[in-house]
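Some notes on the structure that comes next.
Protein chains: 2
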Amino acid sequence: MAIEEKTEITESEWEVMRVVWTLEKATSKDIIHVLQEKKDWKPATAKTFIGRLVKKGILNTEPKGNKYIYSAAISEEDSVKSVTDRLFDQICSKAVGKTIADMIAEATLSYKDIELLETALEKKKDEAVDEVACNCVPGQCKCRENHNMNC
Amino acid sequence: MAIEEKTEITESEWEVMRVVWTLEKATSKDIIHVLQEKKDWKPATAKTFIGRLVKKGILNTEPKGNKYIYSAAISEEDSVKSVTDRLFDQICSKAVGKTIADMIAEATLSYKDIELLETALEKKKDEAVDEVACNCVPGQCKCRENHNMNC
DNA sequence: AAAAATCGATTACAGTTGTAAACTTAAGTC
DNA sequence: GACTTAAGTTTACAACTGTAATCGATTTTT
Numbered sequence: 001m002a003i004e005e006k007t008e009i010t011e012s013e014w015e016v017m018r019v020v021w022t023l024e025k026a027t028s029k030d031i032i033h034v035l036q037e038k039k040d041w042k043p044a045t046a047k048t049f050i051g052r053l054v055k056k057g058i059l060n061t062e063p064k065g066n067k068y069i070y071s072a073a074i075s076e077e078d079s080v081k082s083v084t085d086r087l088f089d090q091i092c093s094k095a096v097g098k099t100i101a102d103m104i105a106e107a108t109l110s111y112k113d114i115e116l117l118e119t120a121l122e123k124k125k126d127e128a129v130d131e132v133a134c135n136c137v138p139g140q141c142k143c144r145e146n147h148n149m150n151c
Numbered sequence: 152m153a154i155e156e157k158t159e160i161t162e163s164e165w166e167v168m169r170v171v172w173t174l175e176k177a178t179s180k181d182i183i184h185v186l187q188e189k190k191d192w193k194p195a196t197a198k199t200f201i202g203r204l205v206k207k208g209i210l211n212t213e214p215k216g217n218k219y220i221y222s223a224a225i226s227e228e229d230s231v232k233s234v235t236d237r238l239f240d241q242i243c244s245k246a247v248g249k250t251i252a253d254m255i256a257e258a259t260l261s262y263k264d265i266e267l268l269e270t271a272l273e274k275k276k277d278e279a280v281d282e283v284a285c286n287c288v289p290g291q292c293k294c295r296e297n298h299n300m301n302c
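Chains as they are written, first to last, in the numbering used here: chain A, 1 to 151; chain B, 152 to 302.
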């Protein structure tokens, strides 16, 4: 396999990608327009992020006349995965359960989503553990008493 | 209520906070030591982040001799909440369900966590919708056909 | 054809972040 | 009491980010 470059997408660049993921193919005008509405960005600002994404190889360009049609070089799923992975690296593994529960409580979910979640949860039951270890202070965790995210 | 200042905690600062949240009270030596082990940071690096967190008012200091005992000025729960809020601002609302399901699939969960999640999910069933709208391209969503995170 | 608009590329620039050394002062040690 | 050590403070500095203006080359409009 080829050498995998790290594809860091910043928060602002994400906004551009969301548009492209949604439209699948977009001109700069499309992108600029959406983000002018949605984020109140100046056209120049959107252009900057488009340019950076192209340079990073996260946006593909297909020439059309003297302009480009832009499309995503990496999938939304994969990118979301990267973001959530980072999130769970960041927070205490002991807090993960409660965090997910909070997310469910706040999310807008479809029937299909609920099913999806039920299935996922069902699958998890087999491999549940008694207590998740805190990974914030490796080796010398004092979580038993303190650190009461989820104990 | 008082004016709420935005408490942006960077990823590296988080590592410091994790230690403090876990230990509840910590000396700089504690923090430096843990992060030297865990992240291979030079003491000076940890010191920088401690200093920045103090300046931001995220770490409290309590003098002890000529040094300080540090403690968290904001709770882990609240901070985790901020991070997940930002996550869900970032990703398409249509993708939220599947994203949570993926997180469940990957997480290490305790029995208690599973219960927590079941309860949260059960509560959600009443208010499930037919289809979650994409919020990436407001007003002109073409998600029906494309953008197949979760359709 | 001249003028105006557009698109992509280049440049700008301040604030944030990661990473750390150096400095200052106080405290413990020999 | 001189020396070493440790803690907190100051300074450094490059890369990354957000935010945009400007420029150069075309294309469209009048």
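All C-beta atoms, glycine included, are put in the ideal place defined by N, C-alpha and C.
{"Check": "Can you check DSSP and say which residues form a bridge with N211(B)?", "Outcome": "S222(B)"}
{"Check": "Report yes or no: is there a C-beta of chain B within less than 8 Å of the C-beta of Y70(A)?", "Outcome": "no"}
{"Check": "Rounded to the nearest angstrom, what separates A101(A) and K263(B) at their Cα positions?", "Outcome": "11 Å"}
{"Check": "Going by alpha carbons, who is nearest to A120(A) out of T259(B), E162(B), C243(B)?", "Outcome": "T259(B)"}
{"Check": "Between which two residues does the alpha helix (DSSP H) holding P43(A) run?", "Outcome": "43-55"}
{"Check": "For G208(B), count neighbouring C-beta atoms within 10 Å of its own C-beta (all shown protein chains included) and say buried if the count is 16 or more, exposed if not.", "Outcome": "exposed"}
{"Check": "Between the C-alpha atoms of E166(B) and P63(A), what's the straight-line distance to the nearest angstrom?", "Outcome": "45 Å"}
{"Check": "Leaving out five residues before and five after Y68(A) in sequence, what residues of the same chain have Cβ atoms less than 6 Å from its Cβ?", "Outcome": "T61"}
{"Check": "So, is A133(A) buried or exposed, given that buried needs 16 or more other C-beta atoms within 10 angstroms?", "Outcome": "exposed"}
{"Check": "What separation, rounded to the nearest whole angstrom, lies between the Cα atoms of I201(B) and S230(B)?", "Outcome": "17 Å"}
{"Check": "In the DSSP assignment, what residue or residues form a beta bridge with V129(A)?", "Outcome": "S261(B)"}
{"Check": "Run through chain A and tell me which residues come within less than 7 Å of R169(B), C-beta to C-beta.", "Outcome": "C92, C136"}
{"Check": "Report all residues from its chain with a CB closer than 6 Å to the CB of G65(A); omit the five preceding and five following residues, and keep chain order.", "Outcome": "none"}
{"Check": "Check whether chain B comes within 8 Å of T45(A), counting only Cβ atoms and requiring the distance to be less than that.", "Outcome": "no"}
{"Check": "How long is the line joining the alpha carbons of W21(A) and E115(A), rounded to whole angstroms?", "Outcome": "25 Å"}
{"Check": "Closest by CA to T84(A), which one among Y70(A), T99(A), A72(A)?", "Outcome": "T99(A)"}
{"Check": "For chain A, check one thing: does any of its Cβ atoms lie closer than 8 Å to the Cβ of D264(B)?", "Outcome": "yes"}
{"Check": "Counting only C-beta atoms, is D281(B) closer than 8 Å to chain A at any point?", "Outcome": "yes"}
{"Check": "Could you tell me the distance, in whole angstroms, from the CA atom of C92(A) to the CA atom of T10(A)?", "Outcome": "23 Å"}
{"Check": "Using a Cβ cut-off of 8 Å (strictly closer), state whether S261(B) contacts chain A.", "Outcome": "yes"}
{"Check": "In the stretch 71-83 of chain A, which residues sit with their C-beta less than 8 Å from some C-beta in chain B, listed in chain order?", "Outcome": "E76, E77, V80, K81, V83"}
{"Check": "How many Å lie between S28(A) and L204(B) at the Cα?", "Outcome": "40 Å"}
{"Check": "Below 8 Å on the Cβ atoms is my contact criterion, and I expect P138(A) with K189(B) to pass it. Report the Cβ-Cβ distance as a whole number of Å.", "Outcome": "6 Å"}
{"Check": "Just to confirm my understanding: we take A197(B), look at its own chain, exclude 5 residues before and 5 after, and list those with CB closer than 6 Å. What are they?", "Outcome": "I182, I183, L186"}
{"Check": "Quick check: is the beta carbon of L204(B) nearer than 8 Å to any beta carbon in chain A?", "Outcome": "no"}
{"Check": "Taking Cβ to Cβ, would you say L238(B) is nearer than 8 Å to L117(A)?", "Outcome": "no"}
{"Check": "In the DSSP assignment, find the unbroken alpha helix (DSSP H) run with S163(B) in it and report its ends.", "Outcome": "162-174"}
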